[in-house]
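Number of protein chains: 2
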Amino acid sequence: MAANILIVEDEESILELIAINLHQSGFNPMRALNAEYADKLIQEAIPDLIILDWMLPGMNGIEFAKRLRSNSSTKKIPIIMLTAKSDEENKIVGLESGADDYLTKPFSPRELVARIKAVLRRKSPELIDDPIKISNLHLDPSTHRVESNGATIKIGPTEFKLLHFFMKNPDRVFSRNHILDKVWGNQSEIDDRTVDVHIKRLRDVLTNNGHDKLVQTVRGMGYRFSENQEN
Amino acid sequence: MAANILIVEDEESILELIAINLHQSGFNPMRALNAEYADKLIQEAIPDLIILDWMLPGMNGIEFAKRLRSNSSTKKIPIIMLTAKSDEENKIVGLESGADDYLTKPFSPRELVARIKAVLRRKSPELIDDPIKISNLHLDPSTHRVESNGATIKIGPTEFKLLHFFMKNPDRVFSRNHILDKVWGNQSEIDDRTVDVHIKRLRDVLTNNGHDKLVQTVRGMGYRFSENQEN
DNA sequence: AAAATTCTGTCATAAAAATGTCATAAAAAT
DNA sequence: ATTTTTATGACATTTTTATGACAGAATTTT
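Top line first, the protein sequences correspond to chains G and B.
First residue of the first sequence? That's 113 in this note's numbering, and the numbers climb one at a time after it.
First residue of the second sequence? That's 113 in this note's numbering, and the numbers climb one at a time after it.
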């Protein structure tokens, strides 16, 4: 399940930049422009991780982090601090105040996503996409690689996503529209039948590597990924 | 089929957070920021479950729940209450006012999804595609597979739907028109007698897998699926 | 920046599977 | 024995899926 991540950042354009990047990386961003609003949100729903700007209007990030740590229902939420100051001292203060990681502005969104994954892996491994192995096929989301036995399989971007989706949900049947939604992203105006073509491409790739019949057609329904007998 | 779930929550970020999490869990979220709009949505289409914030602007959640309970067309919709107040008293009032479950803020979206599934399983099992097992026959809607003992049975789309319908309603007699309605969908202009043919096809499939006499003819009435003796 | 390569989505056509109807046989009821 | 209802096999048609080709987009290499 996708992790819900609260971003607390007073600079709206940065907030949005982060949110969009997180969304593209498969997270659910929640936005707060200040500590008060963040508080309000947290009182209603508990995020899986918080990205916290060091400098906030009103209450600064450190203070906010301390408050979170002192409340039993928020104590365990991992925090990643963002700061403009790069000196070591602040870093130490930040980490002491309870942050799990610390990122200096300007940072690359890629780096942030990597840090988030690292923290989540440590704190809530169930929220992270671990490597999956089914029937000699080994898919590793973090390296974006698929192996059959030891050999790396060459596979296109869409086919990778498709395979990843299937391997995360083996044996279940999905309609073309469901697949479009999950693999292409919802508001895609792509034709149903395009799925067929990519299924074909994925099948070709797998067949060339000795994996027949993993992707199965369920007539009138959609497709299924399964190492079990067809039908 | 994906359950339609109406979320009534005045805090927009939270509403959206819940909606996204429900969507990712395969539900169909309907959004309402207040009781009035919720009313409007309910009049257009009855949801399968309602998530209701205790505190709403204008009319509070309890009141709204009571209203739903007093109207015959909405009486049976399961309700899950969200509340900021954690004391027992409110919980009791909430449950007495007709809520089926109760979640205290701050809640984790994952917990909410789990509760929804639990309530649906209790109140509208037909919305949850659980596997059905009757007399060695095992039908799993999510994988779209039918097994007899461990062996997968090859079965066509219409026969699958027919079998699914029968297994969901064992031991009851259905007229051909009733079956047409439920399996083919209502506005079908298909001949009554076509049902006979598909019954035959289903019987063939089952017989080939050692299941005699599960589909029984009730002369002048229609058909019945039962593991008990005929007549 | 240009060229080369890879990737995408769509379409047309082929191939496969499923469907509904009908005629006739079989069974049950009267 | 006759009538009514159901079972069954055949089959033409329709529906659904597979596949190859292609042009434009996107990405990588040069």
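Note that CB positions come from ideal geometry on N, CA and C, so glycine has one too.
Taking C-alpha positions only, G:V120 is separated from G:A211 by approximately 14 Å. For the C-beta of G:A114, the chain B residues within less than 9 Å are, from N- to C-terminus, I132, N133, Q136.
Secondary structure of G:L251 (DSSP, three-state): strand. Annotation for B:D151: the continuous alpha helix (DSSP H) segment containing it runs 147 to 156.
G:A147 is the residue among G:S184, G:A147, G:K152 whose C-alpha sits nearest the C-alpha of G:G170. Taking a Cβ-Cβ cut-off of 7 Å, the neighbours of B:R222 in chain G comprise M113, given in sequence order. When C-beta atoms of the region 127 to 134 of chain G are compared with those of the region 173 to 186 of chain G, fewer than three pairs fall below 8 Å, so the two segments do not count as touching.
Residues of the region 233 to 245 of chain B that bring their beta carbon within less than 9 Å of a beta carbon in chain G are absent altogether. Residues of the region 286 to 301 of chain G with a C-beta atom less than 7 Å from some C-beta of chain B do not occur. In this structure G:S254 is exposed. Its beta-carbon is surrounded by fewer than 16 other beta-carbon atoms within 10 angstroms. Residues of the region 245 to 262 of chain B with a C-beta less than 7 Å from any C-beta of chain G: S254, T255, H256, listed in chain order.
Following the DSSP letters along the chain, one finds B:I246 inside the beta strand (DSSP E) bounded by residues 244 to 246.
Out of G:I158, G:I163, G:S287, G:T264, the CA that lies nearest to the CA of G:N248 is found in G:T264. In this structure, the beta-carbon distance from B:V327 to B:I302 does not fall below 9 Å. Scanning B:W296, B:Q155, B:N116 for the CA closest to the CA of B:M142 turns up B:N116.
Between the beta-carbon of B:E238 and that of B:K188 there is about 13 Å, and that puts the pair past the 8 Å contact cut.
Taking 9 Å as the cut-off, the Cβ atoms of G:L215 and G:T195 count as close. Residues of the region 139 to 162 of chain G that bring their beta carbon within less than 9 Å of a beta carbon in chain B comprise N140, M142, R143, A144, Y149, K152, L153, I154, Q155, E156, A157, I158, P159, D160, in sequence order. If you draw a 10 Å sphere on the C-beta of G:P243, you find fewer than 16 other C-beta atoms in it, and that means exposed. Residue G:V330 holds the alpha-carbon nearest to the alpha-carbon of B:T270 among G:G173, G:N298, G:K273, G:V330. Residue pairing by DSSP places B:R143 opposite B:I119 in a beta bridge. Cβ neighbours of G:N340 within its own chain (closer than 8 Å, five residues either side excluded): D283. Under the three-state reduction of DSSP, B:T270 is assigned to helix. In the structure shown, G:D283 falls within a coil segment according to DSSP collapsed to helix, strand and coil. As the crow flies, the alpha-carbon of G:G322 is around 13 Å from that of G:I246. Under the Cβ criterion of 9 Å, B:F219 is counted among the residues facing chain G.
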